[in-house]
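Numbering (this note's numbering), first residue to last: 10 to 321.
#1: Go through its chain and collect everything with a Cβ distance to residue 231's Cβ below 8 Å, but skip five positions before and after it.
#2: Cα separation between residue 36 and residue 257?
#3: Using a Cβ-Cβ cut-off of 8 Å (strictly less than) and excluding sequence neighbours within five positions of residue 213, which residues of its own chain qualify?
#4: In the DSSP assignment, find the unbroken beta strand (DSSP E) run with residue 22 in it and report its ends.
#5: When burial is assigned at 16 or more other CB atoms within 10 Å of the CB, is residue 190 buried or exposed?
#6: Any idea if residue 154 is buried or exposed, counting beta-carbon neighbours within 10 angstroms, 16 or more meaning buried?
#7: Compute the distance between the beta-carbons of residue 246 and residue 276, then report whether it is under 7 Å.
#8: Could you check the C-alpha separation between residue 144 and residue 185 for me, to the nearest Å?
#9: Three-state secondary structure (DSSP) at residue 173?
#10: Restricting to Cα atoms, I'd like to know which of 68, 126 and 16 is closest to residue 85.
#11: Might you give, ordered along the chain, the residues of its own chain that have their beta carbon closer than 7 Å to the beta carbon of residue 12, omitting 5 neighbours on each side?
#12: Residue 308 lies in the alpha helix (DSSP H); which residues open and close that run?
#13: Identify, in the order they occur along the chain, each residue of the same chain with its Cβ nearer than 6 Å to the Cβ of residue 135, setting aside the five sequence neighbours on each side.
#14: Take residue 192 and list the residues in its own chain whose beta-carbon comes closer than 6 Å to its own, dropping the five residues that flank it on each side.
#15: Where does residue 274 land, buried or exposed, given buried means 16+ other C-beta within 10 angstroms?
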């Protein structure tokens with residue numbers, strides 16, 4: 010089945026975008042690029058900076074996605090640009106009960122008086138068994154309703170069948186860490202495969218982590234105080250420890266982000282037995298449009314986000 014999905018990644022005053030065509034397991038990169046503005050786009054959406062700039066950004070997106078072939082478009086955000094957390098749920102809940110629990114937990118985590126004041130997007134990530142009971146671990150992204158309204162306005166003129174909301178940047182990275190065949194065809198993980206892969210996203214104001222297991226997104230974390238390689242490796246080990254995996258369980262370690270060059274080999278080699286390699290999203294997809302990207306890791310969130318939207 011053919012579908013075309015697009016994602017817009019916010020990073021300060023820059024937005025990067027990608028459009029991907031999926032035909033079965035084959036993937037084609039149709040378009041990608043970037044636009045710079047004079048404002049921090051996330052802060053505009055949160056109402057903290059020049060609200061009139063919203064019209065300018067919306068007009069730019071309408072121009073970028075001016076064709077009507079897009080099935081779904083969504084926004085990729087970093088963890089500091091939305092409330093992001095994991096929560097456990099019993100399996101088998103009705104949709105209404107699931108939504109009620111997610112909304113209540115979001116209000117509790119964010120210290121919001123009313124759950125209805127938040128807009129939440131939740132996604133099942135993994136299932137574990139604890140004391141004989143199946144537990145579904147769900148990732149939640151939440152923003153105030155006013156931010157949701159501004160986001161809707163941002164995409165109001167984009168020619169797409171559906172605006173799907175938000176994708177966490179770490180989840181987007183995880184969708185580029187699965188096994189691919191040459192030519193862009195996705196390869197399903199083998200049954201029972203336990204392989205872990207870790208991606209580190211390095212930015213000036215935070216470090217984020219995306220962990221996959223068996224080629225699928227498994228966990229995520231972010232730290233705002235990891236300026237050195239030792240700090241980055243410390244939090245990376247903490248991510249594995251949180252899901253009960255040893256450092257030597259890693260099959261691959263990759264980096265992405267604007268400041269990916271700041272992630273150095275040591276002490277990762279001594280802790281994990283492998284050194285970080287750049288996660289290049291262009292190597293895994295057909296290049297129907299040749300990007301002029303000196304740092305391909307900058308495009309991981311938007312290309313991975315488009316991949317994530319294509320399988321929802």
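For every residue, glycine included, the Cβ atom is placed at its ideal position computed from N, Cα and C.
By the coordinates alone:
#1: 87, 88, 89, 93, 179, 215, 216, 217 and 218
#2: 32 Å
#3: 267 and 268
#4: Where residue 22 is concerned, there is no enclosing beta strand (DSSP E), given that its DSSP letter is neither H nor E.
#5: Below a pLDDT of 50, predicted positions are generally treated as unreliable, and residue 190, at 48, falls in that range; no measurement from the model is reported.
#6: exposed
#7: no
#8: 26 Å
#9: strand
#10: 16
#11: 31, 80 and 319
#12: No alpha helix (DSSP H) contains residue 308, which DSSP labels as neither H nor E.
#13: 146 and 227
#14: With a pLDDT of 46 at residue 192, under the threshold of 50, the modelled position of this residue cannot be trusted; read the value that follows with caution. Contacts found: none.
#15: exposed
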